[in-house]
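Undergrad: One structure is given below, represented as structure tokens, and several questions about it will come after.
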Amino acid sequence: MSLFKPFQTALTCCAIIIASTAFARTPLPASPERITQPYPNITVNTLSSAKELIEQFEKNDYQLNKVKTDDQLPHYFIENLPNDLNSLPVQQKTSGFVRLLLPTIKAVNDQILEVRTKLISLSQQPTTNWSDEEQQWVTALMKSYDVKSNDIQQLLLHVDIIPIGMVLAQGIDESGWGTSHFAVAGNSLYGEHLPAHGGKYLTTPGGHVKVAAFDNLYSGTASYIHNLNTTRAYKELWELRSQLRAQNNLNGHQLVQALSHYSTRGEAYVDNLRALIKHHQLDDFDHVTFSQEKAIRVRFEH
Numbered sequence: 001m002s003l004f005k006p007f008q009t010a011l012t013c014c015a016i017i018i019a020s021t022a023f024a025r026t027p028l029p030a031s032p033e034r035i036t037q038p039y040p041n042i043t044v045n046t047l048s049s050a051k052e053l054i055e056q057f058e059k060n061d062y063q064l065n066k067v068k069t070d071d072q073l074p075h076y077f078i079e080n081l082p083n084d085l086n087s088l089p090v091q092q093k094t095s096g097f098v099r100l101l102l103p104t105i106k107a108v109n110d111q112i113l114e115v116r117t118k119l120i121s122l123s124q125q126p127t128t129n130w131s132d133e134e135q136q137w138v139t140a141l142m143k144s145y146d147v148k149s150n151d152i153q154q155l156l157l158h159v160d161i162i163p164i165g166m167v168l169a170q171g172i173d174e175s176g177w178g179t180s181h182f183a184v185a186g187n188s189l190y191g192e193h194l195p196a197h198g199g200k201y202l203t204t205p206g207g208h209v210k211v212a213a214f215d216n217l218y219s220g221t222a223s224y225i226h227n228l229n230t231t232r233a234y235k236e237l238w239e240l241r242s243q244l245r246a247q248n249n250l251n252g253h254q255l256v257q258a259l260s261h262y263s264t265r266g267e268a269y270v271d272n273l274r275a276l277i278k279h280h281q282l283d284d285f286d287h288v289t290f291s292q293e294k295a296i297r298v299r300f301e302h
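Just so we're aligned: the sequence shown equals residues 1 to 302 in UniProt numbering.
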């Protein structure tokens with residue numbers, strides 16, 4: 001009889017217990033609109049002008065053509081906008097705005113995909129196998145996404161990304177390439193009005209319209225996507241997105257056709273978004289991943 005067998009058995013049991021405990025303690029992913037501290041705890045590079053940002057992009061060889069060729073995106077965390085993008089030459093302003101916003105959109109979408117992946121995993125198990133924490137997590141998501149049916153497949157219709165090209169196009173159109181007052185002062189790039197439940201806001205002259213304001217570009221982008229994913233006026237968008245995903249063809253140029261209710265301009269708004277996506281090749285970023293290079297965090301002083 002081996003003297004090592006009981007010891008090996010004990011080690012195996014301990015390993016299983018440790019692995020099970022580690023799995024049980026793995027935090028469930030949070031929806032991006034719920035994340036209050038989205039940036040890594042690293043040194044903040046404080047800049048004062050758009051010119052300084054462009055210089056930093058050049059120094060780190062952050063070029064859009066290179067991103068498209070390599071499908072690799074530098075890990076930039078840009079918290080807010082400079083107030084002088086209009087001072088740049090047109091080509092620098094347009095490429096600079098896309099470069100500063102692109103990593104934020106990617107980070108928000110990646111977080112949504114984490115939530116979606118976990119939901120898909122749970123949907124493939126009987127609910128009796130779910131932990132109490134998982135049950136509470138799904139219930140909270142149902143409430144957050146206003147899904148009253150308690151049907152996880154219905155929830156999955158809501159919990160999904162907005163293609164990068166579509167987000168960029170709306171950010172460009174609604175913020176004037178990042179130069180509007182609401183974009184610079186309130187990190188509000190997508191024309192969101194103050195929601196019924198309240199929150200931070202800025203007002204138009206005379207105070208007739210309250211525009212939602214955010215602490216940073218991540219929060220503003222997360223809120224805009226959550227708005228698209230929860231507002232019933234965009235039911236057509238959810239259904240079209242599901243169809244395009246099933247065809248492995250989810251892209252901004254096609255999905256924007258479901259945005260005629262987003263603006264009073266209706267179909268003219270959709271046509272303009274499509275023109276932006278096509279002219280600036282904004283759908284070319286759908287498959288980029290973050291590079292393994294050191295993350296860079298940037299904040300502008302106004």
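Think of the CB as a built atom: it goes at the ideal place given N, C-alpha and C, for glycine as much as any other residue.
My output table needs one value for His-158: the three-state DSSP class, helix, strand or coil.
TA: Helix, per DSSP.
Undergrad: State yes or no: is the C-beta of Gly-252 within less than 8 angstroms of the C-beta of Gly-171?
TA: It is not a contact, given that the beta carbons lie outside the stated cut-off.
Undergrad: Got a sec, what are the start and stop residues for the alpha helix (DSSP H) Leu-237 sits in?
TA: From DSSP, the alpha helix (DSSP H) with Leu-237 extends over 235–246.
Undergrad: Which residues in the same chain as Phe-57 place their Cβ atom closer than 8 angstroms to its Cβ, once the five residues preceding and following it in sequence are excluded?
TA: Once the five neighbours on either side are set aside, the close Cβ partners of Phe-57 are Gln-63, Gly-96 and Arg-99.
Undergrad: Residue range of the alpha helix (DSSP H) that Thr-36 falls in?
TA: Looking at the DSSP string, Thr-36 is not in any alpha helix (DSSP H), and its letter there is neither H nor E.
Undergrad: Does the Cβ of Lys-93 have 16 or more other Cβ atoms within 10 Å, making it buried, or fewer, making it exposed?
TA: The residue is buried, with at least 16 neighbouring Cβ atoms inside 10 Å.
Undergrad: Taking just the CA atoms, how far does Asn-109 sit from Lys-68?
TA: Rounded to whole angstroms, Lys-68 to Asn-109 spans 18 angstroms at the Cα level.
Undergrad: In whole angstroms, give me the CA-to-CA distance for Leu-189 and Ser-219.
TA: C-alpha separation (whole angstroms): 11 angstroms.
Undergrad: By DSSP, does Asn-249 sit in helix, in strand, or in coil?
TA: Asn-249 falls in the coil class under three-state DSSP.
Undergrad: Taking 7 angstroms as the line, does the beta carbon of Pro-74 fall inside it for any heavy atom of the ligand ATP?
TA: Absent from the structure shown: the ligand ATP. Ligands present: none.
Undergrad: On the criterion of 16 or more Cβ atoms from any shown chain inside 10 Å, does Thr-289 qualify as buried, or is it exposed?
TA: So Thr-289 ends up on the exposed side.
Undergrad: Identify whether Arg-297 lies in helix, strand or coil by the three-state DSSP scheme.
TA: In this structure, Arg-297 counts as strand in the three-state DSSP scheme.
Undergrad: Starting from Ala-50, trace the alpha helix (DSSP H) in both directions and tell me its first and last residue.
TA: Here the alpha helix (DSSP H) through Ala-50 covers 50–59.
Undergrad: If you reduce the DSSP assignment to three classes, tell me which class Thr-26 lands in.
TA: Coil at Thr-26, not helix or strand.
Undergrad: List in chain order: all unbroken beta strand (DSSP E) runs of 3+ residues lying wholly within the stretch 135–206.
TA: Within the stretch 135–206, the complete beta strand (DSSP E) runs of at least 3 residues are 201–203.
Undergrad: If you draw a straight line from the C-alpha of Thr-21 to the C-alpha of Leu-28, how long is it?
TA: Note on Thr-21: pLDDT 41, under 50, position unreliable in the model; the coordinate value appears next. Approximately 14 angstroms, taken between the alpha carbons.
Undergrad: Leu-217 to Gln-292, Cα distance in whole Å?
TA: Their Cα atoms are separated by approximately 22 angstroms.
Undergrad: Cα separation between Ile-35 and Thr-204?
TA: Their backbone Cα atoms lie some 28 angstroms apart in a straight line.
Undergrad: Are the beta-carbon atoms of Leu-85 and Trp-177 separated by less than 8 angstroms?
TA: Result yes, Cβ atoms of Leu-85 and Trp-177 sit closer than 8 angstroms.
Undergrad: If the criterion is Cβ atoms closer than 8 angstroms, does the pair Gly-191 and Glu-174 meet it?
TA: In this structure, Glu-174 lies closer than 8 angstroms to Gly-191 by Cβ.
Undergrad: Closest to Val-211 by C-alpha separation, out of Lys-235, Ile-225, Glu-236 and Ala-185, would be which residue?
TA: Comparing Cα-Cα distances from Val-211 to each of Lys-235, Ile-225, Glu-236 and Ala-185, the minimum goes to Ala-185.
Undergrad: Using C-beta distances below 8 angstroms, list every residue in its chain close to Leu-244, excluding the 5 sequence neighbours before and after it, in chain order.
TA: These residues qualify, in order along the chain: Leu-250, Asn-251, Gln-254 and Leu-255.
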